[in-house]
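Trainee:
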Amino acid sequence: MSMEPTKSAKQGISVQSRRHNEMRKEALRAHPELHALAGTEPRTALALPVLLALQWGMAWLVSDGGVLVVGLTAFLIGQLVYHSAASLIHETCHKLVFRGDRAKLAFDLGLEVILTSYGKQLIYQHQHVTSHHPYVGDYERDYEHEDICALQARQYVRRTHPALQRGLTILTLILHSLPLGFMLGDYILPRLYALASGRPVQDPVPRFGGTAPSLSDMAPFILVSALSNLTLFLLLGPWALLYHIWSLSFFLGKMGISNLGQSLSEHPGTDDINPTRSTYGPINWLLFNTGYHNEHHSFPNVPWTRLSALHTGAPEVFHAEAEKSYFGCWWDHVRRDFTASRDLKLHEHDQSAHCEGREKGWAR
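Below is the structure:
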C-alpha cells in the first residue's frame, strides 16, 4: 500500500507542518548548498548486525541471571538498545537507507529480527509518514496526540481526588514495569479511570487520516518476529527471551524514559513559530541523531548522518532547543500524574463537549 500523505482538500496540512515547510524554504534561500544534503545513506544498514549483537549479547549475559538481574538489565540497558534500533525505523520509513522497494524490505525485515514488533513497525511507518508529518500538531489527524478524552478523565480525577490519582499513577508505573505490562495497563487502567471519573475515556470520533499496511504486507514481518523470538529462546533460553520482551515493554510503556522523554521534549505543541524542538548532545550517538528533530521535520529527505550539517549550516533557522533532557521531561510527566504529552488543540471544538457530549457513542 502506498504511503503517500493523504490531505484533506478543505484543511490541507497543519499549521505546524506548513511552518516546517517555510523553515525549509528559508534555509534553502539563505544556504542553497543545503540541497546537496538530501538523499540516502546505505551505510546505515551496517548498524543492523551491531545492534543485533548488542541485544542478543546482553540476552546471553543475563541468560542465567534470574528475574531481578534480567529486569534491571532490561530497564538500564535493554530499552536503550531497543530505542536505538527503533530509531532506524525513522530512517527507513522516509526511504533514507534504501530507496528501492526490495532493498528497503530486506532492511526492514532485518530490523524486525531485532525489534520483533510483529509488524507494528510497518504500522508506525505508515502513520509517521502519512499522519504525523503532514499533520503535526493537529489533534484530529496526528496519531501521536494523546486521546483527549483519556486525558480529561485523568485530569478530572487528579482535580477531584488527588490521592486516588496518585495511587493510579503508582499503579501505572508498577504495571508498566512488568513484562508486557503496558498491554495489561491498557486493559485495566481505562476501566479504573472510567469508574473514578464517570467520564468517557476514549474519543468516539474517528481520528487520523493516514494509511495503514495490509495483512499481506505485515505477514513477513510477523513471521520474522516469531522466528526471531523462537531462535532466541532455543539458543539462549527463557531468561534471554524474557530480557528481550522486558526491554520492549519498558521502551513502549511509561517506564520508557528515553522514548517517552524524547516525545515529551521535542513536540511540546505550544509554539507554531518553532513547532518542534531539537535535542543536541551525546544521546544522538546512540539514537542516530533523532534528537535533531526540528531539522528532520523541515528536511525529512536528509538522512541522520547529515542532520547536524543542517543545524550548523542554518543556525538562524534551526535554534529551537528542548528545554529539558529526556529524563527531565519524563520525570515532570510522572510527578505531575502524567500531564498532557502535547498541547492538545481541538480548533473550534470545545474540549469538554467533545468527550462528554458524545457519551452515547462511547464504546464502554
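Quick note: the sequence shown uses my numbering, first residue 735, plus one each step.
Every residue, glycine too, gets a C-beta built ideally from N, C-alpha and C.
Kindly identify the DSSP beta-bridge partner or partners of residue 1012.
Mentor: As a working note, residue 1012 is residue 278 in the sequence shown. In the DSSP output, where bridge partners are listed per residue, residue 1012 has 1055.
Trainee: Since residue 955 and residue 846 are thought to touch, with beta carbons under 8 Å apart, how far apart are those beta carbons, to the nearest angstrom?
Mentor: Within the sequence shown, numbered from 1, the residue matching residue 955 stands at position 221. Within the sequence shown, numbered from 1, the residue matching residue 846 stands at position 112. About 5 Å; that satisfies the 8 Å criterion.
Trainee: Looking at residue 832 and residue 776, is the spacing between their C-beta atoms short of 8 Å?
Mentor: Within the sequence shown, residue 776 is the residue found at index 42, counting from 1. Within the sequence shown, residue 832 is the residue found at index 98, counting from 1. With contacts defined by Cβ atoms closer than 8 Å, residue 776 and residue 832 form a contacting pair.
Trainee: Starting from the N-terminal side, write out each stretch of the beta strand (DSSP E) that is 3 residues or longer and does not extend beyond the region 890–914.
Mentor: none
Trainee: Classify residue 1061: buried if its beta carbon has 16 or more other beta carbons within 10 angstroms, exposed otherwise.
Mentor: For the purposes of this step, residue 1061 is identified with residue 327 of the sequence shown, where counting begins at 1. With fewer than 16 other Cβ atoms within 10 Å, it is exposed.
Trainee: State the Cα-Cα distance for the pair residue 884 and residue 932, rounded to the nearest angstrom.
Mentor: The residue given as residue 884 occupies position 150 in the sequence shown. The residue given as residue 932 occupies position 198 in the sequence shown. The alpha-carbon atoms of residue 884 and residue 932 are separated by roughly 12 Å.
Trainee: Could you give the uninterrupted runs of the alpha helix (DSSP H) lying entirely in the region 947–987, keeping only those of 4 residues or more?
Mentor: 949–970 and 972–986
Trainee: Grouping DSSP H, G and I as helix and E and B as strand, with all else coil, what is residue 1034?
Mentor: As a first step, residue 1034 must be located in the sequence shown, where it is residue number 300. Of the three classes helix, strand and coil, the one that applies to residue 1034 here is coil, per DSSP.
Trainee: Measuring straight from C-alpha to C-alpha, what distance separates residue 826 and residue 842?
Mentor: As a working mapping, residue 826 is identified with position 92 in the sequence shown. As a working mapping, residue 842 is identified with position 108 in the sequence shown. One C-alpha to the other measures close to 7 Å.
Trainee: Quick one: residues in its chain with C-beta nearer than 7 Å to the C-beta of residue 781, no 5 flanking neighbours on either side, listed in chain order?
Mentor: Against the sequence shown, residue 781 aligns to sequence position 47. Excluding residues within five positions, the ones whose Cβ falls inside 7 Å are 822.
Trainee: Identify the continuous alpha helix (DSSP H) that holds residue 801 and give its terminal residues.
Mentor: In the sequence shown, residue 801 corresponds to position 67, counting from 1. Per DSSP, residue 801 is one residue of the alpha helix (DSSP H) stretching across 801–807.
Trainee: DSSP state of residue 839, grouped into three classes?
Mentor: Indexing the sequence shown from 1 puts residue 839 at position 105. Three-state DSSP puts residue 839 in a helix.
Trainee: Once DSSP output is grouped into helix, strand and coil, what is the label at residue 785?
Mentor: By 1-based counting over the sequence shown, the position of residue 785 is 51. Helix.
Trainee: Just verifying my parser: in three-state terms, what is the DSSP assignment at residue 1026?
Mentor: Counting from one through the sequence shown, the residue named residue 1026 turns up at place 292. Looking at residue 1026 - three-state DSSP - the assignment turns out to be coil, as it is neither helix nor strand.
Trainee: Look at residue 916 and residue 875 and say whether their C-beta atoms are less than 8 Å apart.
Mentor: Within the sequence shown, the letter at position 182 stands for residue 916. Within the sequence shown, the letter at position 141 stands for residue 875. Contact flag unset, no.
Trainee: Compute the distance between the beta-carbons of residue 1036 and residue 760, then report whether it is under 8 Å.
Mentor: Translated into positions along the sequence shown, residue 1036 becomes position 302. Translated into positions along the sequence shown, residue 760 becomes position 26. No; because the gap between Cβ atoms is not below 8 Å, this pair is not in contact.
Trainee: Once DSSP output is grouped into helix, strand and coil, what is the label at residue 759?
Mentor: Looking up residue 759 in the sequence shown gives position 25. Residue 759: helix per DSSP, three-state reduction.
Trainee: Residue 974 and residue 796: beta carbons closer than 8 Å?
Mentor: Numbered from 1 along the sequence shown, position 240 holds the residue referred to as residue 974. Numbered from 1 along the sequence shown, position 62 holds the residue referred to as residue 796. For residue 974 and residue 796, yes; Cβs fall inside 8 Å.
Trainee: So, using beta-carbon positions, are residue 1023 and residue 998 closer together than 8 Å?
Mentor: Looking up residue 1023 in the sequence shown gives position 289. Looking up residue 998 in the sequence shown gives position 264. No, the Cβ-Cβ distance between residue 1023 and residue 998 is not below 8 Å.
Trainee: Are residue 816 and residue 961 touching if we call contact CB-CB under 8 Å?
Mentor: Taking the first residue of the sequence shown as 1, we reach residue 816 at position 82. Taking the first residue of the sequence shown as 1, we reach residue 961 at position 227. Residue 816 places its beta carbon 8 Å or farther from that of residue 961.
Trainee: Do residue 1027 and residue 1046 have their beta-carbon atoms positioned less than 8 Å apart in this structure?
Mentor: In the sequence shown, the residue the question calls residue 1046 occupies position 312. In the sequence shown, the residue the question calls residue 1027 occupies position 293. Taking 8 Å as the Cβ cut-off, residue 1046 and residue 1027 do not qualify as a contacting pair.
Trainee: Would you kindly check if the distance between the Cβ of residue 848 and the Cβ of residue 786 is under 8 Å?
Mentor: What you label residue 786 is simply residue 52 of the sequence shown in a count that begins at 1. What you label residue 848 is simply residue 114 of the sequence shown in a count that begins at 1. Against a cut-off of 8 Å, the Cβ pair of residue 848 and residue 786 comes out as a contact.
Trainee: Taking buried to mean at least 16 other C-beta atoms within 10 Å of its own C-beta, is residue 764 buried or exposed?
Mentor: Here residue 764 corresponds to residue number 30 of the sequence shown, with the count starting at 1. It counts as exposed.
Trainee: With distance defined between alpha-carbon atoms, name the residue in 819, 770, 971 and 792 nearest to residue 727.
Mentor: No information on residue 727 is available, as it lies outside the stretch 735 to 1098 that the chain covers here.
Trainee: Give the single residue among 934, 812 and 1013 whose Cα lies nearest to the Cα of residue 986.
Mentor: Taking the first residue of the sequence shown as position 1, residue 986 is located at position 252. The shortest C-alpha separation from residue 986 is found at 812.
Trainee: Can you give me the C-alpha to C-alpha distance between residue 768 and residue 1002, rounded to a whole angstrom?
Mentor: By 1-based counting over the sequence shown, the position of residue 768 is 34. By 1-based counting over the sequence shown, the position of residue 1002 is 268. Roughly 27 Å separates the two Cα atoms.
Trainee: Between which two residues does the alpha helix (DSSP H) carrying residue 817 extend?
Mentor: As a position in the sequence shown, residue 817 is number 83, starting the count at 1. Element bounds for residue 817: 813–827.
Trainee: So what does DSSP say about residue 846, is it helix, strand or coil?
Mentor: Residue 846 sits at position 112 when you count from the first residue of the sequence shown. Correct three-state label for residue 846: helix.
Trainee: For residue 863, does the count of other Cβ atoms within 10 angstroms reach 16, so buried, or fall short, so exposed?
Mentor: Looking up residue 863 in the sequence shown gives position 129. It counts as buried.
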